[in-house]
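Only one structure is covered here, and it is reproduced in the block below.
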Amino acid sequence: MISLEELEEWKKKRDAVILAHYYVRPEVQALADYIGDSYFLSKKATELANKTIVLCGVTFMGESAKLLNPDKTVLMPDLAADCPMAHMVTKETVQAARDQYDDLAVVCYINSTQEIKSWSDVCVTSANAVKIVKNLPNKHILFIPDRNLAHFVAAAVPEKEFIYNEGFCIVHEFMQVEELLDLKAEHPDAKVLVHPECNHKIIEIADFIGSTSGIINFAGESSDKEFIIGTECGVLTKLKERRPDAEFYFPETTPTCVNMKKITPEKVLHVLKTGENEIHARPETEGAAKNALARMLELAG
Ligand code: 13P
Ligand code: SF4
Numbered sequence: 002m003i004s005l006e007e008l009e010e011w012k013k014k015r016d017a018v019i020l021a022h023y024y025v026r027p028e029v030q031a032l033a034d035y036i037g038d039s040y041f042l043s044k045k046a047t048e049l050a051n052k053t054i055v056l057c058g059v060t061f062m063g064e065s066a067k068l069l070n071p072d073k074t075v076l077m078p079d080l081a082a083d084c085p086m087a088h089m090v091t092k093e094t095v096q097a098a099r100d101q102y103d104d105l106a107v108v109c110y111i112n113s114t115q116e117i118k119s120w121s122d123v124c125v126t127s128a129n130a131v132k133i134v135k136n137l138p139n140k141h142i143l144f145i146p147d148r149n150l151a152h153f154v155a156a157a158v159p160e161k162e163f164i165y166n167e168g169f170c171i172v173h174e175f176m177q178v179e180e181l182l183d184l185k186a187e188h189p190d191a192k193v194l195v196h197p198e199c200n201h202k203i204i205e206i207a208d209f210i211g212s213t214s215g216i217i218n219f220a221g222e223s224s225d226k227e228f229i230i231g232t233e234c235g236v237l238t239k240l241k242e243r244r245p246d247a248e249f250y251f252p253e254t255t256p257t258c259v260n261m262k263k264i265t266p267e268k269v270l271h272v273l274k275t276g277e278n279e280i281h282a283r284p285e286t287e288g289a290a291k292n293a294l295a296r297m298l299e300l301a302g
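For what it's worth, my numbering labels the leading residue of the sequence shown as 2, then goes sequentially.
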């Protein structure tokens with residue numbers, strides 16, 4: 002285990018703040034100044050006075066923090082912690098849709114690379130996608146890269162026409178509805194709370210569908226005592242903190258994002274000490290990607 006005194010010392014030296022996503026290990030969440038979902042983390046990054054941000058999450062989160070704060074130093078504890086879905090769309094897909102529809106909006110899930118964001122009109126997260134798409138003037142929406150979140154948003158905004166892309170989250174896509182139905186049979190009073198990155202069979206049986214914060218807040222404010230959770234297991238730390246009296250059940254093949262789990266306290270301290278793993282925005286796509294993110298913050302309020 003690392004020395005917390007040493008961590009504090011290095012945080013002071015670098016004027017650093019630690020941001021963490023709910024999916025990182027409990028021992029990393031314990032070091033964080035702020036923990037949240039992707040929307041919270043991108044917004045929070047713009048509100049902090051610190052010179053350095055240590056982003057405990059996957060690469061697209063560090064890239065987003067850097068794009069929104071070009072003057073700050075953004076450090077990633079592990080640059081190999083990359084989200085596979087963040088790469089799952091090609092420029093040809095975007096160009097083909099732009100050629101076909103005059104009134105197209107390219108809506109890009111924040112789980113995407115800087116380059117993919119730069120091809121897009123606006124970014125969204127799972128917490129604000131419905132609100133933003135509803136308020137866009139465009140009738141046709143190309144939603145990239147996640148097809149599951151796209152279908153969830155399309156169902157909530159039926160007045161728009163969606164063009165889909167075949168991207169998915171490897172953790173949520175492979176969760177099996179049967180696993181959740183088995184849990185439901187064992188715990189018939191439990192409410193089923195799932196992330197919109199889950200496949201449609203899971204979405205159909207859910208009592209609540211929302212971002213990681215949405216799921217945590219739903220359970221936190223509910224009078225129910227049992228919950229079946231259809232998202233990555235890292236949310237359990239905050240769920241237990243908010244509801245020590247409740248029971249939480251996860252699918253037997255515990256959904257685990259191996260990339261989020263690459264972040265360890267040792268790596269957090271290491272980047273603070275060495276300044277390694279700094280994120281640099283690539284100049285070719287920086288302006289357009291930043292605009293798509295800034296538009297998200299403006300439209301999400
Ligand atoms: P949210 O925390 O924004 O719901 O996103 C989930 C996710 O998969 C992040 O990688
Ligand atoms: Fe990417 Fe899925 Fe991991 Fe989130 S949980 S970082 S979408 S692989």
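All C-beta atoms in this analysis are idealised placements derived from N, C-alpha and C, irrespective of residue type, glycine included.
Tell me which residue opens and which closes the beta strand (DSSP E) that residue i is part of.
| i | result |
| --- | --- |
| His-141 | 141-145 |
| Ala-106 | 105-110 |
| Tyr-40 | That residue, Tyr-40, is in no beta strand (DSSP E); its alpha helix (DSSP H) goes 39-46. |
| Val-131 | Taken as a continuous stretch (DSSP letters only), Val-131 belongs to no beta strand (DSSP E), being part of the alpha helix (DSSP H) at 130-136. |
| Ala-17 | 17-22 |
| Ile-3 | First-last for Ile-3: undefined, no H or E at that position. |
| Glu-227 | 227-231 |
| Glu-248 | 248-250 |
| Lys-263 | Premise fails: Lys-263 is in no beta strand (DSSP E) and is neither H nor E. |
| Val-125 | 123-125 |
| Leu-76 | 74-76 |
| Lys-192 | 192-195 |
For my contact list, residue i and residue j are in at a C-beta cut-off of 8 Å; report their separation, rounded to the angstrom.
| i | j | result |
| --- | --- | --- |
| Val-55 | Val-195 | Wrong, their Cβ atoms sit about 30 Å apart, outside the cutoff. |
| Leu-298 | Lys-44 | 6 Å |
| Met-261 | His-22 | 6 Å |
| Arg-243 | Gly-221 | 4 Å |
| Met-62 | Leu-42 | 6 Å |
| Lys-67 | Asp-16 | Incorrect: roughly 16 Å between the Cβ atoms, too far for contact. |
| Leu-69 | Val-269 | That belief does not hold up - the Cβ atoms of Leu-69 and Val-269 are roughly 21 Å apart, past 8 Å. |
| Tyr-24 | Gly-231 | Actually they do not touch by this definition, with Cβ atoms about 14 Å apart. |
Confirm, please, whether the CB-CB distance from residue j to residue i is below 9 Å.
| i | j | result |
| --- | --- | --- |
| Val-131 | Val-108 | no |
| Asp-38 | Gly-215 | yes |
| Asn-149 | His-201 | yes |
| Cys-57 | Leu-20 | yes |
| Ile-280 | Ala-82 | no |
| Val-90 | Ile-117 | yes |
| Thr-74 | Ser-127 | no |
| Asp-225 | Ala-191 | yes |
| Asn-218 | Leu-76 | no |
| Pro-266 | Met-2 | yes |
| Ala-151 | Asn-129 | no |
| Glu-198 | Asp-147 | yes |
| Pro-71 | Ala-282 | yes |
Ligand 1 and residue i: does any heavy atom of the ligand fall closer than 8 Å to the residue's C-beta?
| i | result |
| --- | --- |
| Val-131 | no |
| Ala-128 | yes |
| Ser-212 | yes |
| Ser-223 | no |
| Tyr-35 | no |
| Ser-65 | no |
| Asp-1 | Because the chain in this structure spans residues 2 to 302, residue 1 falls outside the shown range and cannot be described. |
| Gly-288 | no |
| Gly-215 | yes |
For ligand 2, I want to know if residue i counts as a neighbour, meaning its beta carbon is within less than 8 Å of at least one of the ligand's heavy atoms.
| i | result |
| --- | --- |
| Ala-87 | yes |
| Cys-124 | no |
| Ile-171 | yes |
| Glu-233 | yes |
| Val-59 | yes |
| Met-261 | yes |
| Asn-112 | yes |
| Glu-253 | no |
| Tyr-24 | yes |
| Glu-167 | no |
| Cys-258 | yes |
| Cys-84 | yes |
| Glu-279 | no |
| Glu-198 | yes |
Within its chain, find whatever has a CB closer than 8 Å to the CB of residue i; leave out the 5 residues flanking it on each side and keep chain order.
| i | result |
| --- | --- |
| Ile-206 | Val-178, Leu-181, Leu-182, Lys-185, Val-193 |
| Ile-133 | Val-108, Val-123, Val-125, Met-297, Leu-300, Ala-301 |
| Phe-209 | Lys-192, Val-193, Leu-194, Val-195, Gly-215, Ile-216, Phe-219 |
Considering just the uninterrupted stretch of the alpha helix (DSSP H) at residue i, what are its terminal residues?
| i | result |
| --- | --- |
| Lys-239 | 237-243 |
| Ile-117 | 115-119 |
| Thr-275 | 266-275 |
| Glu-167 | Where Glu-167 is concerned, there is no enclosing alpha helix (DSSP H), given that its DSSP letter is neither H nor E. |
| Thr-91 | Unbroken run through Thr-91: none, as it is neither H nor E. |
| Leu-69 | 60-69 |
| Leu-56 | First-last for Leu-56: 53-57, but that is the beta strand (DSSP E), not the alpha helix (DSSP H). |
| Lys-202 | 201-206 |
| Leu-181 | 178-187 |
Excluding five sequence neighbours on each side, which residues of the same chain lie with their C-beta closer than 6 Å to the C-beta of residue i?
| i | result |
| --- | --- |
| Thr-286 | Gln-115, Glu-116, Ser-119 |
| Ala-157 | Val-131 |
| Lys-241 | none |
| Lys-106 | At residue 106 the sequence reads Ala, which differs from the Lys that was named. So the list reads Asp-122, Leu-137, Asn-139, Ile-142, once near-sequence residues are dropped. |
| Thr-94 | Asn-166 |
Excluding the 5 residues preceding and the 5 following residue i in the sequence, name in chain order all residues of the same chain whose CB lies nearer than 7 Å to its CB.
| i | result |
| --- | --- |
| Glu-253 | Glu-180 |
| His-88 | Thr-114 |
| Thr-238 | Pro-27, Gln-30 |
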